[in-house]
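A.B. asks: Note that the first sequence ends on residue 631 in the UniProt record's numbering; no numbers are left out.
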Amino acid sequence: MDENASGGDSDDIDWNTDDELEIASYGLPSCSSMTVNDGETIAGSTEASSSAGSSSSKMIDHFVGMGFSEEVVAKAIQENGEQNTDLILEALLKHSASSSASSSKSKLIDHFVGMGFSVDMVAKAIQENDCTVNAVLVGLAIHVHDKAGALGQSSQAEQHINSDQNSPELDGSFLDGFSDTDSFEGEEITNPDPDKEEKLVSLASMGYSVQEASIAMERCGPNTSIAELTDFICAAQMAKAADALLAEIEDKPRPKPSNGYHKHKKRRMLDYEKPPIDEPIRLPNPMIGFGVPSNPDVIVHRSLPEAAAGPPYFYYENVALAPKGVWDTISRFLYDVEPEFVDSKYFCAAARKRGYVHNLPIENRHHLVPLPPQNIYEALPLSRKWWPSWDTRSHLNCLQTCIASAKLTERIRKALEECDGEPEPPHHVQKFVMDECRKWNLVWVGRNKLAPLEPDEVEMLLGFPKNHTRGGGISRTDRYKSLGNSFQVDTVAYHLSVLKEMYPDGINVLSLFSGIGGAEVALHRLGVRMKNVVSVDISEVNRNIVRSWWEQTNQKGTLIDFADVQQLDANRIEQMINAFGGFDLVIGGSPCNNLAGSNRHSRDGLEGKESSLFYDYFRILDLVKNMMQRN
DNA sequence: GACACCATGACCCCGATT
DNA sequence: AATCGGGGTCATGGTGTC
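1) Within 10 angstroms of its Cβ, does V509 collect 16 or more other Cβ (buried), or is it exposed?
2) What is the C-beta distance between residue 639 and G515, in whole angstroms, given that I count them as a contact (C-beta under 8 angstroms)?
3) Is the Cβ-Cβ distance between N364 and F314 less than 7 angstroms?
4) The alpha helix (DSSP H) spanning A522 covers which residue range?
5) With P305 and D584 assumed to form a contact (beta carbons below 8 angstroms), what rounded beta-carbon distance in angstroms separates them?
6) Within the chosen definition, does the region 520 to 539 reach the region 556 to 574 through at least 3 CB pairs nearer than 8 angstroms?
7) Run through the region 295 to 329 for me and flag every whole beta strand (DSSP E) of 3 or more residues, listed as ranges in chain order.
8) Can you give the Cα-Cα distance for A415 and C402, rounded to whole angstroms?
9) Determine the DSSP secondary structure at W387, reduced to helix, strand or coil.
10) Quick one: using the 10 Å Cβ neighbour count with 16 as the cut-off for buried, is L371 buried or exposed?
11) Can you tell me the Cβ-Cβ gap for G605 and P339, rounded? I've got them flagged as a contact below 8 angstroms.
12) So is G446 buried or exposed if we call it buried at 16+ other beta carbons inside 10 Å?
13) Using 10 angstroms around the beta-carbon of S535, count the other beta-carbons present and answer buried if the total reaches 16, otherwise exposed.
14) Per DSSP, what kind of secondary structure is I560 in: helix, strand or coil?
15) To which residues does DSSP link S511 through a beta bridge?
16) What is the residue span of the beta strand (DSSP E) that E363 lies within?
17) From the DSSP output, which residues share a beta bridge with W444?
18) Quick check on DSSP: helix, strand or coil for R354?
19) For the region 469 to 477 against the region 494 to 507, do three or more pairs of beta-carbon atoms, one drawn from each stretch, fall closer than 8 angstroms, so that the two count as touching?
20) Going by DSSP, what residue range makes up the beta strand (DSSP E) through F341?
21) Would you report the Cα separation of S303 and E378, rounded to the nearest angstrom?
22) Just verifying my parser: in three-state terms, what is the DSSP assignment at L396?
23) Kindly provide the ranges of any beta strand (DSSP E) runs that are 3 or more residues long and lie completely inside the region 402 to 485, ordered along the chain.
24) So the alpha helix (DSSP H) L595 belongs to, where does it begin and stop?
25) If you count every other CB in all the chains shown that lies within 10 Å of the CB of D622, and 16 or more means buried, which is it?
26) Below 8 angstroms CB to CB, which residues in the same chain sit around T296 once its five sequence neighbours on both sides are set aside?
27) For a quick check, are the C-beta atoms of F341 and A320 less than 7 angstroms apart?
28) Starting from the C-beta of R409, find all residues in its chain whose C-beta is less than 8 angstroms away, skip the five residues before and the five after it, and write them out in chain order.
29) When you compare the CB positions of L396 and A350, do they come within less than 7 angstroms of one another, or not?
30) Comparing alpha-carbon positions, which option in V489, R354, I330 and V337 lies nearest L613?
31) Does DSSP put V492 in a helix, a strand or coil?
32) What are the boundary residues of the alpha helix (DSSP H) that S548 is part of?
33) Would you identify the three-state DSSP class for M502, choosing helix, strand or coil?
34) Just to confirm, are S394 and T491 a CB contact at a threshold of 7 angstroms?
35) In the DSSP output, what is I288 paired with across the bridge?
36) Looking only at C-alpha atoms, which of F487, N318 and P280 sits nearest to G597?
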């Protein structure tokens, strides 16, 4: 980000810097890996790693399998030597980027126009700056937005922008691109109001034009929420019978706000004529989505909105019990696809109520085998001996990121011991114990003795291999945290299982907010071959966990990881799409910190610090969709 | 009213560093 | 001895649904 913002050799990967140093620091003996700038790491397959004996043709096959042309691969091998697969891969990625450079300018224009900026504005900005700088404008806008609203989420992103929160050049950099256009009000440039500017940038990062955003804020007043502003903008868009912007775009209509927001706005505009028809999204009871293995035929067919159809297939996950309106917004952005709400208690011994927005087929899904333990007794057979009859739990509650304190379990033990002579504790003691058990997922480990789950038990319940998060310098606390933030593998695998027959040769995966690799583990356990996986996660220990798992399971594909979704700008995505031939699956669950009920401090909804990263999921998915449809 | 919830921040302890 | 930072421990309440 920083290098892009500063222009210069921004889009050129600097192949000759400290790569080797960073490679050494990762220390991966069995698997070739490298770190490109921005902390991107590429781990090649073991078969492609730099064993001196590997034949040239085998290596060519390998890279051809990744989507590069044979001719280009041969040339790269010739220039870099067989020994260094990392350099070859770098050269290939670089080549794919440069070969697409000629068309990148018009694509850039298309892209930004598609986001709502005027053609004049985009053309002027591109003329005045290097193409690549402009390609990062959206990312920059989001950076500024994050800086204002999400400080601290991404240390790397912060570092890349500027460490000074009040940096004038940062504030100016986004605005400068438009400062001399007639659509921008000088007042806001010379004397920006922080709150106003933040909203402006938020709206810009959501794909609205600066002009639209400015007008909306002027009309609606200073205290208007983002949601209200977006509604206003879409109302204005609807009011325009002929949208000049859209007329200039030859590809499909803008997907996100145009679909849902227009629909909703139209409705709202007509509120005074007739009552609203659309109902807000409600959670189903029982929470079995479109069907679970034990009850698979609830909904056997659904029709997706046209703009939602894949490929690429996408799969987005977050907590089901988010504040009001959050899932409506998520659904509107994700092409109006109806969320599938599923409780993992239908798949394993622990509850996990989640919403999934995806465009995967829902026919002929199958569950993972072997089936995971279906209840507490199966999952924790040793606890059965101590389990009192009055503890009627068959399933655990949601596995969270922290566990009960030792003091609490001690208090419980004492309370139970006080009524040891009786056949059963009195009702009020039972209630106290059961309340705490449900709250903290305590399990019986001895007479009158309750304890929180061990990390490896959480791994098992979530469908991960034992010790998946162990080692690599991760603390116990962080293991709970990473696990608590993860997918339930069996549940996700059930939804992804349709990919197995659709892609017998394997898939390319873009995995955002990967965490400890729930998506990757699910695909692996399903037997879906992963040709190339681009995995993004802010946490270094999580990235190490995924990479370590990748090596241990002898994956034949290539794992590339990034620390920050902000690194995935249009250029880099295009580069990877050209290299791999596109992504088949864009999967991820953005942070739920500001949505989760457990958070009493900053449950700020989708505009909260961390949870606003949902918009990055949409931004990246939409970029991938647009680029793949053009190619 | 009961229940559930991918959490946060203050504090303490301990080992490493200066 | 002073300082620092990471890990562990602990208490904490509001929102939404049923």
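Cβ atoms here follow ideal geometry from the backbone N, Cα and C, with glycine treated the same way.
C.D. replies: To lay it out plainly:
1) Locating residue 509 in the first sequence gives position 509, where the first residue counts as 1. With 16 or more neighbouring CB atoms inside 10 Å of its own CB, V509 falls in the buried class.
2) In the structure as shown, the chain starts at 1 and stops at 631, and residue 639 therefore has no counterpart that could be examined.
3) For the purposes of this step, residue 364 is taken as the residue at position 364 of the first sequence. For the purposes of this step, residue 314 is taken as the residue at position 314 of the first sequence. Their beta carbons are not under 7 angstroms apart, which means N364 does not touch F314 by this criterion.
4) Walking along the first sequence from the start, residue 522 turns up at place 522. Unbroken alpha helix (DSSP H) run through A522: G518 to L526.
5) Position 305 of the first sequence holds residue 305. Position 584 of the first sequence holds residue 584. Their Cβ separation, rounded to whole angstroms, is 20 angstroms, which puts P305 and D584 out of contact at 8 angstroms.
6) These segments touch.
7) As far as the region 295 to 329 is concerned, its whole beta strand (DSSP E) runs of at least 3 residues are 313 to 319.
8) Indexing the first sequence from 1 puts residue 415 at position 415. Indexing the first sequence from 1 puts residue 402 at position 402. Straight-line Cα distance between these residues: approximately 23 angstroms.
9) To locate residue 387, count along the first sequence from 1; it is residue 387. Note: W387 maps to coil in three-state DSSP.
10) Here residue 371 corresponds to residue number 371 of the first sequence, with the count starting at 1. Exposed.
11) Along the first sequence, one-based indexing puts residue 605 at 605. Along the first sequence, one-based indexing puts residue 339 at 339. Contact doesn't hold; Cβ gap of about 16 angstroms is too wide.
12) Sequence index remark: in the first sequence, residue 446 carries index 446 (1-based). Exposed, since its Cβ has fewer than 16 Cβ neighbours within 10 Å.
13) Along the first sequence, read from residue 1 onward, the residue named residue 535 stands at position 535. Classification for S535: buried.
14) Here residue 560 refers to the residue found at position 560 of the first sequence. Assignment of I560 by DSSP, reduced to helix, strand and coil, places it in the strand class.
15) Taking the first residue of the first sequence as position 1, residue 511 is located at position 511. Residue pairing from DSSP places S511 in a beta bridge opposite S535 and I587.
16) Within the first sequence, the letter at position 363 stands for residue 363. Premise fails: E363 is in no beta strand (DSSP E) and is neither H nor E.
17) As a first step, residue 444 must be located in the first sequence, where it is residue number 444. Its beta-bridge partners are L450.
18) Stepping through the first sequence from its first residue, residue 354 is reached at position 354. Reduced to three states, the DSSP call for R354 is strand.
19) Pairwise C-beta distances place the region 469 to 477 out of contact with the region 494 to 507, as fewer than three of them are shorter than 8 angstroms.
20) By one-based count along the first sequence, residue 341 stands at place 341. From DSSP, the beta strand (DSSP E) with F341 extends over E340 to D343.
21) The count along the first sequence starts at 1 and reaches residue 303 at position 303. The count along the first sequence starts at 1 and reaches residue 378 at position 378. Looking at the two C-alpha atoms, the distance is approximately 38 angstroms.
22) For the purposes of this step, residue 396 is taken as the residue at position 396 of the first sequence. In the structure shown, L396 sits in a strand (DSSP, three-state: E or B).
23) Inside the region 402 to 485, DSSP marks whole beta strand (DSSP E) runs of 3 or more residues at positions 443 to 446 and 449 to 451, from first to last along the chain.
24) Taking the first residue of the first sequence as 1, we reach residue 595 at position 595. Looking at the DSSP string, L595 is not in any alpha helix (DSSP H), and its letter there is neither H nor E.
25) Your numbering for residue 622 matches position 622 in the first sequence. D622 is buried by the Cβ-count criterion.
26) Counted from its first residue, the first sequence places residue 296 at position 296. Before going on, a small fix: residue 296 reads as Pro here, not Thr. Counting only residues of its own chain and dropping the five nearest sequence neighbours on each side, P296 has a CB closer than 8 angstroms to the CB of R365.
27) Within the first sequence, residue 341 is the residue found at index 341, counting from 1. Within the first sequence, residue 320 is the residue found at index 320, counting from 1. Their beta carbons are under 7 angstroms apart, which means F341 touches A320 by this criterion.
28) Locating residue 409 in the first sequence gives position 409, where the first residue counts as 1. According to the sequence displayed, residue 409 carries Thr and not Arg. L442, K449, L450, A451 and P452.
29) Translated into positions along the first sequence, residue 396 becomes position 396. Translated into positions along the first sequence, residue 350 becomes position 350. It is a contact, given that the beta carbons lie within the stated cut-off.
30) The residue labelled residue 613 in the question sits at position 613 within the first sequence. Checked all of V489, R354, I330 and V337; the closest Cα to L613 is I330.
31) Residue numbering aside, residue 492 sits at position 492 when the first sequence is read from its first letter. Correct three-state label for V492: helix.
32) The residue you call residue 548 lines up with position 548 of the first sequence. From DSSP, the alpha helix (DSSP H) with S548 extends over E540 to Q552.
33) Position 502 of the first sequence, counting from 1, holds the residue named residue 502. Of the three classes helix, strand and coil, the one that applies to M502 here is helix, per DSSP.
34) Locating residue 394 in the first sequence gives position 394, counting from the first residue. Locating residue 491 in the first sequence gives position 491, counting from the first residue. In this structure, T491 does not lie closer than 7 angstroms to S394 by Cβ.
35) Position 288 of the first sequence, counting from 1, holds the residue named residue 288. Answer is V342.
36) To locate residue 597, count along the first sequence from 1; it is residue 597. Nearest to G597 by alpha-carbon distance, out of F487, N318 and P280, is N318.
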